[in-house]
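Participant: Quick note, the sequence shown lines up with residues 4 to 238 if you use this note's numbering.
Here a beta-carbon is modelled for each residue, glycine too, at the ideal position from N, C-alpha and C.
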Amino acid sequence: MALIALLVSGTAFFINGAMFVRGSDMVVLQPERWVLYRDAGPFGADLYLSVPVDIVNAAGADYGDVIVRAEAQIFSGRKAPGVFPYTGLGEPVMTARVEEGVAACPQGARCIANTGFYVIDRPAKLLDVPGGGSRSEYVTFQLTPENCLGSKIYCEQFDGFDSAVAALRQESEPVIRLVIRFQFDGDHTVECRLTKDARLRGQILDYLQTKGWTMQPCLKQAVQRPMGIPPSLNN
Numbered sequence: 004m005a006l007i008a009l010l011v012s013g014t015a016f017f018i019n020g021a022m023f024v025r026g027s028d029m030v031v032l033q034p035e036r037w038v039l040y041r042d043a044g045p046f047g048a049d050l051y052l053s054v055p056v057d058i059v060n061a062a063g064a065d066y067g068d069v070i071v072r073a074e075a076q077i078f079s080g081r082k083a084p085g086v087f088p089y090t091g092l093g094e095p096v097m098t099a100r101v102e103e104g105v106a107a108c109p110q111g112a113r114c115i116a117n118t119g120f121y122v123i124d125r126p127a128k129l130l131d132v133p134g135g136g137s138r139s140e141y142v143t144f145q146l147t148p149e150n151c152l153g154s155k156i157y158c159e160q161f162d163g164f165d166s167a168v169a170a171l172r173q174e175s176e177p178v179i180r181l182v183i184r185f186q187f188d189g190d191h192t193v194e195c196r197l198t199k200d201a202r203l204r205g206q207i208l209d210y211l212q213t214k215g216w217t218m219q220p221c222l223k224q225a226v227q228r229p230m231g232i233p234p235s236l237n238n
């Protein structure tokens, strides 16, 4: 009996020790959609990207973690020439009553209106995920030269809303890659591939330029009807 108790105690000790060394066990799920929208500021309109980030911490309750950095990359080749650090948290809302929604904007947030759509925009902050818990947030990136790290030529393409949309038109088979850095569990990377259909992609960006927003599924969800463009454009 004493030997069995010793073995059980030793096993528990080694399991707990391994969990302590391992710490948090973060899982970042592949995003299902992406949102592009226009935001008018004091110096003109800029393009913003918002992507839902779903996170699960598979570790025990004592092993929480926190996101200390998030970056977005948009590119067609193997390597992105520039990255955009995350600038805030968003909540996209599609509604025919945009003015009413903006008028009731939550305290501490800023509501950005476009045709049939608005975003509840909140400041960037550290995002904690407790052990055994999960978190789901729309993470927002300002696509401007000032918020771009990398090639100057690449970053300058995003100088204003129209220029940024034009830059996206030049990308063939574009990919949105998110790099999420946790304090203890390091970097995690997920990707969202946009449609390979150049004609459909052009129509989506036309809608973005006209209406000020578009919400689309990632390529793996392409069986769903994209939102933010008229149904006739999906034929």
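Kindly give me the distance between the Cβ atoms of GLU140 and VAL56, rounded to whole angstroms, as I take these residues to be in contact under 8 Å.
Facilitator: About 6 Å; that satisfies the 8 Å criterion.
Participant: Is it right to say PHE46 is buried, meaning 16 or more other beta carbons lie within 10 angstroms of its own, or is it exposed?
Facilitator: Classification of PHE46: exposed, given that the 10 Å Cβ count is below 16.
Participant: Which residue or residues does DSSP assign as beta-bridge partners of ASN117?
Facilitator: DSSP lists PHE120 as partners of ASN117.
Participant: Mind listing, in chain order, the continuous beta strand (DSSP E) runs of no fewer than 3 residues lying wholly within the region 57 to 118?
Facilitator: List check, beta strand (DSSP E) in window: 68 to 78, 85 to 97 and 113 to 117.
Participant: Going by C-alpha distance, which of VAL178, ALA170 and HIS191 is nearest GLN212?
Facilitator: Out of VAL178, ALA170 and HIS191, ALA170 has the C-alpha closest to the C-alpha of GLN212.
Participant: Is it right to say CYS221 is buried, meaning 16 or more other beta carbons lie within 10 angstroms of its own, or is it exposed?
Facilitator: Burial call: buried.
Participant: Quick one: any contact between the region 161 to 170 and the region 201 to 216, if contact means 3 or more CB pairs under 8 Å?
Facilitator: Verdict: yes, contact present.
Participant: Assign ARG204 to buried or exposed, taking buried as 16 or more other Cβ atoms, counted over all protein chains shown, within 10 Å of its Cβ.
Facilitator: ARG204 is buried by the Cβ-count criterion.
Participant: Cα-Cα, which of ARG184, TYR157 and PHE120 is closest to VAL30?
Facilitator: For the residues ARG184, TYR157 and PHE120, the minimum Cα distance to VAL30 belongs to ARG184.
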